[in-house]
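Going by the numbering used here, the first residue of the sequence shown is number 20, and it counts up by one from there.
Beta carbons are placed, not taken as given, at the ideal position from N, Cα and C, and that holds for glycine.
To start, the structure itself, in structure tokens.
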Amino acid sequence: MADVKKGRGYVYSIQYHIVWCVKYRHKVLIGDIDVRLKEILHQIATDNGFAISEIETDCDHIHLLIDCTPQHSTPTMIKALKGVAARLLFKEFPSLKKKLWDGHLWNPSYFVGTVSEHTEAQIRQYIRNQQRK
């Protein structure tokens, strides 16, 4: 269960389940790219003051469970995660850009759902089971 945290004058527990896909559902989130993507996303979250408590990919999409404060805007978090990750992955893996026809890594849309303490365990298990064996 997510911890209840305190800020100056408020108490909160905010978690979001976020999912987005690779453009055209290309299956490129594999091997070193998958590993590096997860490292990059954790670093972006840390740099921006929120935390990724669960993360998993399935070749063409990614699931995240994010803990954040009331000051974090969902679109701003997603823009940072998708934008910086794409830029760094294209820089570190030039072949990735060729696979995507010199285009964009991510589909512009995304899913976001709020998480309550009653559904957190279910969402954690769902994210952990995303990667096909």
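Compute the beta-carbon to beta-carbon distance between I52 and F112, rounded to the nearest angstrom, for a pair I have assumed lies under 8 Å.
Here residue 52 is taken as the residue at index 33 of the sequence shown, counted from 1. Here residue 112 is taken as the residue at index 93 of the sequence shown, counted from 1. Rounded, the Cβ-Cβ distance is 6 Å, consistent with contact.
Can you tell me the Cα-Cα spacing of Y43 and R27, whole angstroms?
Within the sequence shown, the letter at position 24 stands for residue 43. Within the sequence shown, the letter at position 8 stands for residue 27. Straight-line Cα distance between these residues: approximately 44 Å.
Just verifying my parser: in three-state terms, what is the DSSP assignment at F130?
Residue mapping note: residue 130 aligns to position 111 of the sequence shown, counting from 1. Three-state result, F130: strand.
If I follow the unbroken beta strand (DSSP E) through V38, where does it start and stop?
Here residue 38 refers to the residue found at position 19 when the sequence shown is read from its first residue. Run containing V38: 33 to 40, per the beta strand (DSSP E) assignment.
Option in S135, T65, Q149, R147 with minimal Cα separation from Y31:
Here the question's residue 31 lines up with position 12 in the sequence shown. Nearest of S135, T65, Q149, R147 to Y31, Cα basis: S135.
Distance, G102 Cα to V23 Cα
For this step, residue 23 is matched to residue 4 along the sequence shown. For this step, residue 102 is matched to residue 83 along the sequence shown. Their backbone Cα atoms lie some 30 Å apart in a straight line.
Just list the residues that DSSP pairs D24 with in beta bridges.
As a working mapping, residue 24 is identified with position 5 in the sequence shown. Note on identity: in this sequence residue 24 is Lys, with Asp being the wrong assignment. For K24, which the question treats as bridged, DSSP gives the partners Y31.
Compute the Euclidean distance between the alpha carbons of T88 and I33, then round it to the nearest angstrom.
Stepping through the sequence shown from its first residue, residue 88 is reached at position 69. Stepping through the sequence shown from its first residue, residue 33 is reached at position 14. For T88 and I33, the distance between alpha carbons rounds to 6 Å.
Return the CA-CA distance between W104 and W125, expressed in angstroms with no decimal places.
Residue mapping note: residue 104 aligns to position 85 of the sequence shown, counting from 1. Residue mapping note: residue 125 aligns to position 106 of the sequence shown, counting from 1. According to the sequence displayed, residue 104 carries Ala and not Trp. In a straight line, the C-alpha of A104 is about 10 Å away from that of W125.
CA-to-CA distance, H91 to N148, given in whole angstroms:
Within the sequence shown, residue 148 is the residue found at index 129, counting from 1. Within the sequence shown, residue 91 is the residue found at index 72, counting from 1. Going from the Cα of N148 to the Cα of H91 covers about 27 Å.
Which same chain residues, not among the five before or five after Y145, have their C-beta less than 7 Å away from its C-beta?
Taking the first residue of the sequence shown as 1, we reach residue 145 at position 126. Within the same chain, no residue comes within 7 Å of Y145 by CB-CB distance, once the 5 residues on both sides are set aside.
Grab me the residues of Q150's own chain with a C-beta within less than 7 Å of its C-beta, minus the 5 sequence neighbours each way, in chain order.
Within the sequence shown, the letter at position 131 stands for residue 150. If we look at Q150 and ignore the five residues flanking it on each side, its Cβ neighbours are E75, T76, D77.
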